[in-house]
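What follows is a set of notes on a single structure, which appears directly below.
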Amino acid sequence: MKTKIILFYLALIFAIPCVAHTTSAYNEGPMISENPIKNANETQWWNFFKKKKHERIWKGVHPDMRTKLEAVYSAMAQRGFDIRPMEGLRSEARQASLLASGSGVTTVGAGMSCHNHGYAIDSVMYVDGKPTWDMDNQHVRDGYLLFGEMVQAVGLEWGGAWTTIKDYPHVEMQSECRVAIRAKRSGQKPPVMVADPMQLPPDILLASFVQPSGTICTFDSPCEQEIFFAAMMCPTPLHTPEPLPWSVMSGYYAYSWT
């Protein structure tokens with residue numbers, strides 16, 4: 001059993017370079033935003049206090065979602081974008097109130113939102129220390145689109161890729177959420193939230209965003225070794241269907257030795 005687990009992890013790690021780089025302009029763009037956040041390289045103490053401040057938001061949220069999103073926030077900061085968690089677990093009373101308000105924030109009633117079960121998080125871009133949803137602002141727009149690309153890379157569902165309503169701040173664990181909603185409808189207990197020990201570390205999945213495609217790798221560097229494994233594991237290009245409007249996941253490709 002241990003041998004199978006080790007082989008499974010090795011196969012995933014070697015295959016990651018095949019899908020780590022996208023053809024999206026957001027991944028091939030500049031390393032740092034033209035309007036970088038202040039103090040992007042924060043101290044460990046500041047990160048500690050900021051995480052403590054957000055503990056209330058993370059309460060009741062699936063641990064895997066938290067792990068993935070915190071990695072995404074860190075990668076976004078390295079690209080010059082300040083994005084933070086805004087709302088996680090939502091009470092059914094608040095859900096009903098939001099629907100009744102007619103604000104367009106939600107289209108489902110109490111108990112029918114992934115927020116009601118801990119499988120969704122809304123994040124928000126910050127500019128000059130203030131939250132913003134202004135998609136007419138190029139920096140904000142680029143940030144939300146890059147955010148969408150990153151969360152999809154770590155295996156989460158992004159509201160900005162939906163074909164109906166576009167919900168750029170919204171991220172969810174769709175499959176797990178559906179199971180929880182079905183359980184509620186049938187009067188069963190919701191599934192227990194536990195971290196998946198077999199999931200690949202999100203930092204690996206986000207490596208290409210911290211070091212965008214096209215970067216020249218020095219001999220015997222980790223980057224050079226990843227390209228070597230990619231050439232062995234998947235030397236031919238991979239193709240994905242045409243993206244939906246506003247979807248930034250436009251396809252994957254692998255390095256090849258030509």
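Just so you know, we're using this note's numbering here: the sequence shown kicks off at 1 and counts up by one. Beta carbons are placed, not taken as given, at the ideal position from N, Cα and C, and that holds for glycine. Fair warning: this is a prediction, and the values are worked out from it, not measured in the lab.
Just how far apart, CA to CA, sit residue i and residue j?
{"i": "residue 206", "j": "residue 154", "result": "7 Å"}
{"i": "residue 149", "j": "residue 93", "result": "32 Å"}
{"i": "residue 144", "j": "residue 86", "result": "14 Å"}
{"i": "residue 142", "j": "residue 210", "result": "16 Å"}
{"i": "residue 172", "j": "residue 158", "result": "7 Å"}
{"i": "residue 162", "j": "residue 194", "result": "27 Å"}
{"i": "residue 187", "j": "residue 66", "result": "27 Å"}
{"i": "residue 62", "j": "residue 174", "result": "12 Å"}
{"i": "residue 80", "j": "residue 189", "result": "42 Å"}
{"i": "residue 132", "j": "residue 179", "result": "33 Å"}
{"i": "residue 126", "j": "residue 73", "result": "12 Å"}
{"i": "residue 53", "j": "residue 183", "result": "32 Å"}
{"i": "residue 160", "j": "residue 112", "result": "19 Å"}
{"i": "residue 58", "j": "residue 116", "result": "13 Å"}
Can you give me the start and stop residues for the beta strand (DSSP E) that residue i sits inside?
{"i": "residue 171", "result": "170-172"}
{"i": "residue 194", "result": "Careful: residue 194 lies outside any beta strand (DSSP E) and carries neither H nor E."}
{"i": "residue 82", "result": "82-87"}
Taking 8 Å as the cut-off, decide whether the C-beta atoms of residue i and residue j are in contact.
{"i": "residue 181", "j": "residue 107", "result": "no"}
{"i": "residue 60", "j": "residue 89", "result": "yes"}
{"i": "residue 169", "j": "residue 122", "result": "yes"}
{"i": "residue 68", "j": "residue 156", "result": "yes"}
{"i": "residue 64", "j": "residue 203", "result": "no"}
{"i": "residue 95", "j": "residue 109", "result": "yes"}
{"i": "residue 124", "j": "residue 84", "result": "yes"}
State buried or exposed for residue i, treating a residue as buried only when at least 16 other CB atoms are found within 10 Å of its CB.
{"i": "residue 118", "result": "buried"}
{"i": "residue 198", "result": "exposed"}
{"i": "residue 71", "result": "buried"}
{"i": "residue 82", "result": "buried"}
{"i": "residue 75", "result": "buried"}
{"i": "residue 120", "result": "buried"}
{"i": "residue 55", "result": "exposed"}
{"i": "residue 31", "result": "For residue 31, the predicted structure reports a pLDDT of 44, less than 50, and the residue's modelled location is therefore unreliable. A value from the coordinates is still provided. Exposed, because fewer than 16 other Cβ atoms sit within 10 Å of the Cβ of residue 31."}
{"i": "residue 77", "result": "buried"}
{"i": "residue 185", "result": "exposed"}
{"i": "residue 134", "result": "exposed"}
{"i": "residue 208", "result": "buried"}
{"i": "residue 152", "result": "buried"}
{"i": "residue 101", "result": "exposed"}
{"i": "residue 129", "result": "exposed"}
If you follow the alpha helix (DSSP H) that residue i is in, where does it begin and where does it stop?
{"i": "residue 57", "result": "55-58"}
{"i": "residue 204", "result": "202-205"}
{"i": "residue 139", "result": "138-153"}
{"i": "residue 135", "result": "Segment: none, residue 135 is in no alpha helix (DSSP H) and carries neither H nor E."}
{"i": "residue 78", "result": "63-78"}
{"i": "residue 93", "result": "92-101"}
Which of the three DSSP states, helix, strand or coil, is assigned to residue i?
{"i": "residue 124", "result": "strand"}
{"i": "residue 166", "result": "coil"}
{"i": "residue 107", "result": "coil"}
{"i": "residue 208", "result": "helix"}
Compute the minimum distance between the beta carbon of residue i and the heavy atoms of the ligand HEM, and state whether it is under 7 Å.
{"i": "residue 177", "result": "As far as ligands go, the structure on display features none, and thus does not contain the ligand HEM."}
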